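Following: one structure in structure tokens, then a few remarks.
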Amino acid sequence: MNWNKILVAALALVIGAGAGGVALTDSHGASSSPTSSAGSEQPSTGAAGARVGEGMMGGGEGMMGGGSKIANGAPGGLVPASRMEALATMARRTVEERGSTLTYRSQNVTLVALGAPGSRPGMYWQLDGVDGPRGPTVSVPAGASITVDFADGDPGHPHGLELTTAAPPYPRMAMMAGRIAAPGAFIMPVPPPQGNLWYAVTISFHAPPAGTYYVICPVPDHAHEGMWATLVVR
Ligand SMILES: [Cu+2]
């Protein structure tokens with residue numbers, strides 16, 4: 143299937159039919175297609191999506207349909223902000239934190255990734271309760287099973303997530319740089335919060351081979367403006 147066309151169409155839906163969608167259509171190319179095996183090993187995201195979303199909006203079955211290899215159930219369920227903040231606090235208590243590096247020793251990694259949840263201005267990730275921009279760095283062991291509990295906590299801005307092979311600095315269309323680093327390591331952008339309810343999506347994937355990867359937001363300009371963090375597989 144034409145992965146890029148589907149992605150661009152879905153992005154346009156989320157972002158609106160404005161300049162962003164047009165620019166994406168103009169700039170996408172065959173070179174940025176993921177490998178044909180992308181998603182073949184990914185676990186059922188329907189069940190995972192329901193973990194955070196608790197089925198409020200049928201978290202696992204998104205606009206792409208249950209059989210999608212890339213969408214991972216976007217858009218996710220609407221979840222109270224307090225619940226996502228509690229998950230982040232819990233994650234921060236269990237991860238080893240040194241400076242802005244968060245180290246997981248276990249093979250089971252649960253990362254809480256919140257899109258610019260309002261505690262500071264600009265485009266940034268908050269991972270396990272630690273704010274970017276351009277950070278923090280998350281370190282996981284090789285072979286880890288990684289679950290990402292994601293939500294957009296940023297009033298007025300859609301956000302998504304991609305684990306990419308492309309290193310910063312990022313162009314405006316960061317999602318067209320590099321490729322998705324592991325099957326399933328992608329979340330289609332979701333709409334901004336509705337009051338105290340945040341759109342949340344959970345994905346699970348296997349850590350890619352040892353190396354350095356980056357967690358970016360695929361919405362145009364966001365990674366360019368600092369919405370990226372580093373994932374080291376050691
Ligand atoms: Cu974003």
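According to the working numbering, the sequence shown is numbered sequentially starting from 143. Ideal Cβ positions, reconstructed from N, Cα and C, are used throughout, including at glycine. From a predicted model like this one, the values you see are computed outputs, not experimental measurements.
Shown here for Arg247: same chain residues with a beta carbon closer than 8 Å to its own, the five before and five after excluded, namely Glu238 and Pro283 in chain order. Beta-bridge partners assigned by DSSP to Pro222: Leu339.
Set against 6 Å, the gap from the CB of Val251 to the closest heavy atom of ligand 1 is not smaller. The DSSP assignment places complete beta strand (DSSP E) segments of no fewer than 3 residues inside the segment 325-374 at 328-332, 339-348 and 353-358, in order along the chain.
Taking 6 Å as the cut-off, one finds no heavy atom of ligand 1 near enough to the beta carbon of Met226. About 5 Å separates the beta carbon of Tyr355 from that of Leu305, a gap short enough to meet the 8 Å contact definition. Here Ala327 is buried: its Cβ has 16 or more other Cβ atoms, across all protein chains shown, within 10 Å. The three-state secondary structure of Ala316, taken from DSSP, is helix. The beta-bridge partner set that DSSP reports for Gln268 consists of Leu256 and Asp273. If you check the C-beta of His366 against ligand 1, you find no heavy atom less than 6 Å away. In this structure Ala323 does not touch Tyr312 by the C-beta definition: roughly 15 Å separates them, more than the 8 Å allowed. Per DSSP, Ile288 is one residue of the beta strand (DSSP E) stretching across Ser287 to Asp294. Of the heavy atoms belonging to ligand 1, none sits nearer than 6 Å to the Cβ of His348. The shortest C-alpha to C-alpha distance from Glu367 to any of Ile329, Met265 and Ser224 is the one to Met265. In this structure Gln249 is exposed. Its beta-carbon is surrounded by fewer than 16 other beta-carbon atoms within 10 angstroms. Met315 has its Cβ no nearer than 6 Å to any heavy atom of ligand 1. Annotated as distal: Val332 and Asp273, with beta-carbon spacing of 7 Å or more. According to the DSSP assignment, Gly302 belongs to the beta strand (DSSP E) that extends over His301 to Thr306. Judged by DSSP secondary structure, Arg321 falls outside any beta strand (DSSP E); it is assigned neither H nor E. In the DSSP assignment, Arg240 falls within the unbroken beta strand (DSSP E) covering Glu238 to Arg240.
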